[in-house]
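Take a look at the structure below.
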Amino acid sequence: MYILLCGYPPFYSTHPLPMSAGMKNKIRAGEYTFPENDWNIVSQEAKDLIRMMLTVEPANRPTINQILENRWLSEYNSVLQAPLNTP
Numbered sequence: 001m002y003i004l005l006c007g008y009p010p011f012y013s014t015h016p017l018p019m020s021a022g023m024k025n026k027i028r029a030g031e032y033t034f035p036e037n038d039w040n041i042v043s044q045e046a047k048d049l050i051r052m053m054l055t056v057e058p059a060n061r062p063t064i065n066q067i068l069e070n071r072w073l074s075e076y077n078s079v080l081q082a083p084l085n086t087p
């Protein structure tokens, strides 16, 4: 979801290696940011959901059902009842 909203992953390497030691440390520590240039148009509710989903301790992360019931996500998961113009 992080990538879908900004176009890049929350954890990335600045070295040519696909997975640097520094990147591994950031993943383990849950160190990521929401850079203002890319995230200023994203709602606080969306950021809150991402924070919950990226919680380091698996037992503290929301379940898929909790994610699907999240207010921000459920606001946009309905299908419009518009007719499709296909044969």
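For the record, in the sequence shown the residue sitting at position 34 is 34 according to full-length UniProt numbering, with numbers rising by one throughout. We put the CB at the ideal spot given by N, CA and C, even for glycine.
Which residue comes first and which comes last in the alpha helix (DSSP H) that contains residue i?
| i | result |
| --- | --- |
| residue 53 | 44-53 |
| residue 21 | 21-29 |
| residue 66 | 64-68 |
| residue 71 | 71-75 |
| residue 4 | 2-6 |
With burial defined as no fewer than 16 other Cβ atoms inside 10 Å of the residue's Cβ, what is the status of residue i: buried or exposed?
| i | result |
| --- | --- |
| residue 50 | buried |
| residue 2 | buried |
What did DSSP end up calling residue i once you bin it into helix, strand or coil?
| i | result |
| --- | --- |
| residue 40 | coil |
| residue 58 | helix |
Which whole-angstrom value is the C-beta distance of residue i and residue j, which I expect to be below 8 Å?
| i | j | result |
| --- | --- | --- |
| residue 10 | residue 54 | 6 Å |
Taking contact to mean at least 3 C-beta pairs separated by less than 8 Å, is the region 65-77 in contact with the region 33-52?
yes
Contact the region 50-67 vs the region 78-87: 3+ CB pairs below 8 Å
no
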